[in-house]
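Everything on this sheet refers to the single structure shown next.
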Amino acid sequence: MKNMDSPAIASKAKAMYGNRLKQEDYEELIRKRSVPEIAAYLKNETDYGASLKDIYENTIHRGQLEQLIRRHMFQRLLKLLKFSQLTKNEFYKMNLIQREIDIILMSVRALTPDKFEDDDRFDDMVMSLPVFLNDYLSFNMAALPSAKTFGDILKVLERTPYHGILQAYPPDKEGKLDYTSMERELQSYYYEYVFEVINRTFKGKRKKELLEIYRTQIELSNITKIYRFKKFFKVTNAEIRKAMLGNKTRMSRAQIDELIELPTAEDVLKALESSKYHLYIDDDDYVFIEYYANKIKYNLAKRYMHFSIDAPLIFTAYSILFETEVQNLVNIIEGIRYETPIEEIEKLLIY
23 MKNMDSPAIA SKAKAMYGNR LKQEDYEELI RKRSVPEIAA YLKNETDYGA SLKDIYENTI
83 HRGQLEQLIR RHMFQRLLKL LKFSQLTKNE FYKMNLIQRE IDIILMSVRA LTPDKFEDDD
143 RFDDMVMSLP VFLNDYLSFN MAALPSAKTF GDILKVLERT PYHGILQAYP PDKEGKLDYT
203 SMERELQSYY YEYVFEVINR TFKGKRKKEL LEIYRTQIEL SNITKIYRFK KFFKVTNAEI
263 RKAMLGNKTR MSRAQIDELI ELPTAEDVLK ALESSKYHLY IDDDDYVFIE YYANKIKYNL
323 AKRYMHFSID APLIFTAYSI LFETEVQNLV NIIEGIRYET PIEEIEKLLI Y
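Going by my numbering, the letters in the sequence shown line up with residues 23 to 373, in that order.
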């Protein structure tokens, strides 16, 4: 566990967290009238300035700005790992594994004919990754955007654990991909890795608190998927079960089944309102259940960032808080771009 417990990690992460966007920044950003105005504020008034120093604010468009914001996040996380000489440490590698899985899933979705928006987002995501990140990944991420078939993706993933996972789900006779199963198995692989490393590396209170973070993520992911399937898709309960993550979630299989068996999305909401999460959700839009799920994760991470001095916990919390900030910025940029009322954008922000 060399360097893993170094106070330098905790101190550095807390100092970097101190440079986060504050309430006054969000209040300024949501009042901007265009993407260039948002870019100018981030460049001149925030910690994002270093990543935006070479841009021409007046000509930048939404996709370019989002790419640079995501790149800023990756650079900061890797900076923290490189600062502590922990880029190859098993625990801290978990964040990179999640990035790998995100990239793989988006590459699979880009092959699906009804996912045109995801095609663009996949290219944007790969372009947003710093070139040096490729040195830390188990495959050549730059090769995935040019993959035209499932076989092309498998070829890129040769000699990685992901190859065997995806190979088990070839296209059917009509060429359709079983994205749900691939997503479940890749995420299951990630969480199995997480729990194995935590159980082997940590003990006592630290182990319990780290497990709480990841078990909460699994539980909220399952809840959100159940609601989304009920609200927006005509699928059977069996198909919903197929999407569920079973890795050491705090909810029992019986509790998950109870939610799945409820006839409508509205019934799921009512059940959640009386649960430990007390999710009071607007029936009109799925985004609000996602908002509350993300807010629970955010508040848990914020608690550890403020009150813990434990390096692994603080790094995990910092990663979650930074991802939330990036999503806030994406929501603002897209809201301004598509002339969403300020009060509606505000509802999406978590800080």
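Glycine included, every Cβ here is placed at the ideal spot set by N, Cα and C. Remember, it's a predicted structure, so these values are computed and weren't measured experimentally.
Could you give the distance in angstroms between the alpha-carbon of residue i and the alpha-carbon of residue j?
i: Phe-172; j: Leu-199; result: 8 Å
i: Arg-263; j: Lys-253; result: 15 Å
i: Leu-74; j: Leu-64; result: 8 Å
i: Leu-343; j: Lys-292; result: 29 Å
i: Thr-223; j: Arg-181; result: 26 Å
i: Asn-41; j: Gly-197; result: 48 Å
i: Phe-161; j: Leu-90; result: 22 Å
i: Lys-319; j: Gln-277; result: 20 Å
i: Asp-69; j: Asp-289; result: 44 Å
i: Ala-260; j: Ala-30; result: 48 Å
i: Glu-234; j: Tyr-191; result: 31 Å
i: Glu-8; j: Arg-84; result: Since the displayed the chain opens at 23 and closes at 373, residue 8 lies outside it and no answer follows.
i: Arg-98; j: Ile-355; result: 21 Å
i: Ser-297; j: Asn-156; result: 43 Å
Please classify residue i as buried or exposed, where buried requires at least 16 neighbouring CB atoms within 10 angstroms.
i: Gly-71; result: exposed
i: Arg-53; result: exposed
i: Ile-245; result: buried
i: Asn-80; result: exposed
i: Ser-168; result: exposed
i: Val-257; result: exposed
i: Tyr-360; result: exposed
i: Phe-255; result: exposed
i: Ser-33; result: exposed
Cutting at 8 Å between CB atoms, please list the residues of its own chain near residue i, excluding the five before and the five after it.
i: Ala-61; result: Leu-74, Ile-77, Glu-79, Ile-82, Leu-87
i: Pro-444; result: The structure shown does not extend to residue 444, since the chain is modelled only from 23 through 373, so no value can be given for it.
i: Tyr-212; result: Met-116, Ile-119, Gln-120, Ile-123
i: Leu-267; result: Arg-206, Gln-209, Ser-210, Tyr-213, Ile-240, Ser-243, Asn-244
Sorted by chain position, which residues of the same chain lie with C-beta nearer than 6 Å to residue i's C-beta, five sequence neighbours on each side aside?
i: Val-219; result: Glu-112, Phe-113
i: Ala-287; result: Tyr-249, Lys-252, Lys-253
i: Ala-165; result: Val-178
i: Met-95; result: Phe-344, Val-348
Ends of the alpha helix (DSSP H) at residue i?
i: Arg-121; result: 116-131
i: Asp-174; result: 172-178
i: Tyr-211; result: 201-223
i: Gln-257; result: In the sequence on display, residue 257 carries Val and not Gln. Careful: Val-257 lies outside any alpha helix (DSSP H) and carries neither H nor E.
i: Phe-105; result: 84-105
i: Asp-47; result: 45-51
i: Thr-346; result: 333-359
Residues in its own chain within less than 7 Å of residue i by CB, not counting five upstream and five downstream?
i: Ser-330; result: Ile-336
i: Ala-35; result: Leu-102, Ile-336, Phe-337, Tyr-340
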